[in-house]
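Numbering (mature numbering (1 follows the signal peptide of the UniProt record, and there is no 0)), first residue to last: -26 to -1, 1 to 656. Cβ atoms here follow ideal geometry from the backbone N, Cα and C, with glycine treated the same way. See structure below.
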Amino acid sequence: MWDRRAVHGAPLLLLLLLLTTVLTRSDIVSRESALAWTWFPHLVSKDTDMDPAKAEIFEGDIIIDRSSHRNFSSAHGLRRNSISRRRRKGSRKRHSRRRTGRAATARTDRLWPHAIIPYEIEANFSGEHRALFKQAMRYWENETCVQFVERSPAQHPDYIVFTERACGCCSFVGRRGNGAQAISIGKNCDKFGIVVHELGHVVGFWHEHTRPDRDKHVQIITRNIVAGQEYNFNKLTEEEVNSLGLNYDYESIMHYARNTFSRSTALDTILPIRGKVVEIGQRVRLSPGDIAQTNMLYKCPACGRTYQEPSSFFQSPGYESNRISTSHQRCEWRISATQGERISFEITGLDIDPNCDSGYLEIRDGYWNKSPLLGRFCGNRVTKEKIISSGHRMFIIYHTLPSPIFYKGFQARYEALCGGLLEQAEGTIQSPNYPDEYRANKECIWKITVAPGSQVALTFQAFEVEFHDNCGYDFVEIRDGLDLHSTFLARLCGYKIPEEVRSTSNHMLVRFFSDSSVLKMGFAATFVTEVDECADDSHGCEQKCVNTIGGYRCECAIGFELHSDGKRCEDACGGVLKGERGVITSPSFPDLYPSNKQCIWEIVAPPHYRITLNFTSFDLEPEQDCAYDYVQVFDGFETSPSLGKFCGNKVSGLEAFSVFSIFLIFLSRLSLIMVFAISLYF
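See the structure below:
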């Protein structure tokens, strides 16, 4: 069975004809062999930014994409074969604990518009990992104006995806602009400081030691660097890096450690000059320089900040100063609660130009200045009505112009509210303050309603609630309706992620309760509208349809496997071939073949006959040493001599003869490029 979301490859066609005598072309014209003379278009999958291991080169944990490779290589005299993937993989494993990147990108097209970075987290990560990623993102938000927002496909064509790839921990610098781009957090990379560091690359920072002026501040000790890793210490040019006039920052979280890529942990590869005794390579926090450079890079307003506390009070600058404003001012406050919470905003003091000519206060229901407007206020009349957001973010703008009249501005307070009515097809709910510890003496009630005739399916991604045999202290309670007297479904506590919970109607109530002691991380859960997609024939599965929470999957009977379209079934690839002639096609031909696929054919001829193998068309992903997708032919069994290992779009010099058999292997991994080939054997 194939997960259709994991399909990246492209089609490979192998057509083989087994003949016991010498034949002319007219002899081999048949329904099968007609495929050999058919032209098929070249296909390329569209996920090139989701497989960092396919990058041309790396600089530490930074992915240098194909489009930038030529400029990078030209600037530094790098040869492609001097930094092959094979060597990178080995060095990464050896130095995974010292993976490092701050020198801001000079390319404005790599900045994220409005400092908003949409994200997704792949489903294979545990609840603890998801909590770690969110903590790291909230940390960046709390110190800068950058915001990491849950991706909405209709609004966010470009976004990052937390994934795990062969590179371990790595990321592109800034926005790629081609849709999804990977931020890989592999084994030994799942530490808070490392994730914050990788997000620094996403924001737009190179490693600090690559600044053009670095030789004034650090010394690179080349003799101590592991052979083949010298390129990680290259300086970048001013066309690639803009330090924004800030001083070199030894404390940056984007700086290499003293022994990064060292031949021995006792040998230094990078040292501050002139005997300066400073720590470099810390992975604990953003330095003041990191924060200042981020705010300069994204032109963050000097006035305003991000609030993540459950409640707070704030006011406009100079509210109590009685000084007339002589300059234009724009302040932005970003209030961010946890998913499933809402924000209650109350204006407690207001004194702004009554005509809104020289100033106004604007409140928006979301994370930026184009989110739905909840209200625009000026004058001096304070309303007691509270403004409630629909989600867990609110954006506040205070705009003023020079005025001969003194206006104080405003004062306000907010509070994060948990629970509420959720009338939507799907959504996320979390305990207050998740992924940090929930607050004491808290009760939250969510009332979920989906479309009539369907059910509510609740799935937990993370769960850590104080344990008790009867869940008598802190707990999550679920009921099959909209009130506390509805049919009881579950009462949950402890540290094990619960099973999925499903209502019998289109309503569900979820209640979270905490007492006055023992606070834990809490929970994160998603709900979806659940219908049986397999109940009718609209699912499109050729053989079997299996209903799942929030969707369905197609399966095939024994002897068949799922096509890369996730719907059709086809004969399982591989097997023993003994016929006079035959056709072998790659999985899903002529469509994109699946990733992580291995097909093995053994072609057996009668005694005294020979087998000739001829590829009439071939188009696999090109890669040095055919390290990823390939076709390999053996003269006999798999342990017999190899007749060739082929990738790219040409097969030359192959004319295989064997008295008894040929052993042929097709292997795909995370392929990016369409592959198809046709082979004749006779």
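Within a Cβ cutoff of 6 angstroms, which residues of the same chain sit near residue i, ignoring the five residues on either side of it in sequence?
{"i": "Met270", "result": "Leu218"}
{"i": "Met111", "result": "Phe122"}
{"i": "residue 679", "result": "The question about residue 679 has no answer, for the chain in this structure spans -26 to 656."}
{"i": "Gln289", "result": "Gln385"}
{"i": "Asp539", "result": "none"}
{"i": "Pro92", "result": "Val123, Arg125, His130 and Tyr133"}
Assuming residue i and residue j form a contact by the criterion Cβ under 8 angstroms, report the distance between their Cβ atoms to the nearest whole angstrom.
{"i": "Ile337", "j": "Ile370", "result": "6 angstroms"}
{"i": "Leu458", "j": "Phe384", "result": "Not confirmed; about 39 angstroms, so no contact."}
{"i": "Glu576", "j": "Phe637", "result": "6 angstroms"}
{"i": "Trp180", "j": "Val147", "result": "6 angstroms"}
{"i": "Arg308", "j": "Thr280", "result": "4 angstroms"}
{"i": "Lys416", "j": "Cys392", "result": "7 angstroms"}
{"i": "Val200", "j": "Arg237", "result": "6 angstroms"}
{"i": "Gly142", "j": "Gly160", "result": "4 angstroms"}
{"i": "Leu641", "j": "Asp603", "result": "7 angstroms"}
{"i": "Ala154", "j": "Tyr133", "result": "6 angstroms"}
{"i": "Cys528", "j": "Lys541", "result": "6 angstroms"}
{"i": "Lys312", "j": "Gln404", "result": "In the sequence as presented, Lys is not what sits at residue 312; that position holds Thr. So it is a contact: roughly 5 angstroms between Cβ atoms."}
{"i": "Asp545", "j": "Phe534", "result": "6 angstroms"}
Determine, using beta carbons only, whether residue i and residue j come nearer to each other than 7 angstroms.
{"i": "Asp593", "j": "Asn623", "result": "yes"}
{"i": "Val492", "j": "Leu466", "result": "no"}
{"i": "Leu173", "j": "Ile227", "result": "no"}
{"i": "Pro284", "j": "Ala436", "result": "no"}
{"i": "Tyr388", "j": "Phe319", "result": "yes"}
{"i": "Gly167", "j": "Arg232", "result": "no"}
{"i": "Ser158", "j": "Thr184", "result": "no"}
{"i": "Pro406", "j": "Met495", "result": "no"}
{"i": "residue 659", "j": "Asp242", "result": "Here the chain has residues from -26 to 656 only, and residue 659 is not among them."}
{"i": "Val605", "j": "Phe501", "result": "no"}
{"i": "Thr503", "j": "Ser428", "result": "yes"}
{"i": "Gly340", "j": "Arg367", "result": "yes"}
{"i": "Ile265", "j": "Glu117", "result": "yes"}
{"i": "His175", "j": "Ile36", "result": "yes"}
{"i": "Phe589", "j": "Val557", "result": "no"}
{"i": "Ile639", "j": "Ile585", "result": "no"}
{"i": "Thr433", "j": "Glu474", "result": "yes"}
{"i": "His229", "j": "Gly255", "result": "yes"}
{"i": "Cys543", "j": "Gln517", "result": "yes"}
{"i": "Arg476", "j": "Phe462", "result": "no"}
{"i": "Arg149", "j": "Arg248", "result": "no"}
{"i": "Gly349", "j": "Thr374", "result": "no"}
Please work out which residues of its chain come closer than 7 angstroms, Cβ to Cβ, to residue i, disregarding the five sequence neighbours upstream and downstream, and give them in chain order.
{"i": "Tyr293", "result": "Lys382, Gly383 and Gln385"}
{"i": "Glu214", "result": "Ala80"}
{"i": "Ser301", "result": "Pro376"}
{"i": "Leu456", "result": "Lys421, His481 and Leu483"}
{"i": "Asp164", "result": "His103 and Leu106"}
{"i": "Glu204", "result": "Thr196"}
{"i": "Asn343", "result": "Phe369 and Ile371"}
{"i": "Pro186", "result": "Lys209, Leu210, Thr211, Glu212 and Val215"}
{"i": "Val169", "result": "Leu106, Phe107, Ala110 and Ile159"}
{"i": "Glu411", "result": "Leu493, Lys494 and Met495"}
{"i": "Glu96", "result": "Val135, Phe136 and Thr137"}
Only counting the same chain, and skipping five residues up and downstream in sequence, which positions put a Cβ closer than 8 angstroms to that of residue i?
{"i": "Pro596", "result": "Cys621, Gly622, Asn623 and Ile647"}
{"i": "Tyr511", "result": "A small correction: the amino acid at residue 511 is Asp; Tyr does not occupy that position in the sequence shown. Result list for Asp511: empty, nothing under 8 angstroms."}
{"i": "Gly51", "result": "Confidence at Gly51 is low in this model, with a pLDDT of 46, below 50, so its placement is unreliable and no value can be given for it."}
{"i": "Arg5", "result": "Because the pLDDT of Arg5 is 41, which lies under 50, any placement of that residue in the model is unreliable, and the question is left without a value."}
{"i": "Glu507", "result": "His513, Cys519, Asn521, Gly525 and Tyr526"}
Are the stretch 409 to 425 and the stretch 474 to 484 touching by the rule of at least three beta carbon pairs closer than 8 angstroms? Of all C-beta pairs linking the stretch 409 to 425 to the stretch 474 to 484, three or more are shorter than 8 angstroms, placing the two stretches in contact.
Would you list, in sequence order, the uninterrupted alpha helix (DSSP H) runs of no fewer than 4 residues that lie entirely inside the stretch 90 to 164? As for any alpha helix (DSSP H) of minimum length 4 sitting wholly inside the stretch 90 to 164, the runs are 101 to 117, ordered along the chain.
Stretch pair the stretch 352 to 359 + the stretch 314 to 328: three plus CB contacts closer than 8 angstroms: Taking 8 angstroms as the limit for Cβ pairs, the verdict is that the stretch 314 to 328 does touch the stretch 352 to 359.
Can you list the alpha helix (DSSP H) stretches of 4 or more residues lying completely in the stretch 256 to 283, in chain order? Listed in chain order, the complete alpha helix (DSSP H) runs (minimum 4 residues) inside the stretch 256 to 283 are 262 to 271.
Could you tell me which whole beta strand (DSSP E) segments of length 3 or greater appear in the stretch 348 to 405? Annotation note: the stretch 348 to 405 contains the following uninterrupted beta strand (DSSP E) runs of length 3 or greater, listed N- to C-terminal: 367 to 374, 383 to 392, 394 to 397 and 400 to 404.
For the stretch 552 to 639, list the beta strand (DSSP E) runs that are entirely contained and at least 3 residues long, ordered along the chain. Correct list: 556 to 559, 571 to 578, 587 to 591, 604 to 608 and 616 to 620.
Sequence ranges, beta strand (DSSP E) only - wholly within the stretch 452 to 540, length at least 3: Positions of the beta strand (DSSP E) runs, each at least 3 residues long and wholly inside the stretch 452 to 540, are given as 461 to 466, 481 to 487, 496 to 504, 518 to 522, 525 to 529 and 534 to 536 in order along the chain.
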